[in-house]
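Peer 1:
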Amino acid sequence: MKKMLFLALVAMTVATMTACNKEHQSGPEYQTPTDIEGIVFWSKGKNPSSPIAADQPVVVNATLSNPYRLYLALIRYTVDQSAVTTPSEDYEPGVERTASEVEYEPDRLQTRAIYQGEIPKQPVGSKVSFYIWTISPFGVVSYSFPQEYTVTVESNGTGGLEPEPEPEQPGE
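Terminal number for the sequence shown in my numbering: 206, no gaps in between.
This is the structure:
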């Protein structure tokens, strides 16, 4: 009889914990997506108004905010090199890739951040589509509207942001 009473008590405890846990998961933190705003992108080290160049990765910035904390953000992108004379060695049409994963420290209670990631450089003529993907500590997935750019030049010089290298002097 004691054994039966003990098992009934354990079953009631488990049932109560399960019910409380499911109730807990219906709170706003389990339903609130991360806001992804102000997405801007440009060739790394170049002026943001310069054309996208093949000699540099593309920097992507966005503001992330979630009143229930940030956990993970990354870039998901695809590349279309159908108009490229010599596609990259690792080019696979339609394959979605991941870049620049950033994990926010869970103990910092960070609710707002400027996310910065990079998409690897691509040959001239490549069309890149990307979006920013996030997940909160409570499992809520969010993603931005798709963005797109085309690599239009081989190199666009320094764009005013990188210093020109010093020319080597004879005899040095």
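Beta carbons: idealized from backbone N, C-alpha and C, even for Gly.
Let me check one thing: in DSSP terms, what residues is Gly151 bridge-paired to?
Peer 2: Val94
Peer 1: Could you please give the first and the last residue of the uninterrupted beta strand (DSSP E) stretch that includes Gly72?
Peer 2: 69-77
Peer 1: How is the beta strand (DSSP E) around Leu108 delimited, first residue to last?
Peer 2: 106-114
Peer 1: How about Glu152 and Ala87: do their beta carbons lie closer than 8 Å?
Peer 2: no
Peer 1: Relative to the C-alpha of Ser99, which candidate in Ile169, Gly79, Glu182, Thr186 has its C-alpha closest?
Peer 2: Ile169
Peer 1: Please report the straight-line C-alpha distance between Pro82 and Val94, rounded to a whole angstrom.
Peer 2: 11 Å
Peer 1: Gln144 and Leu104: beta carbons closer than 8 Å?
Peer 2: yes
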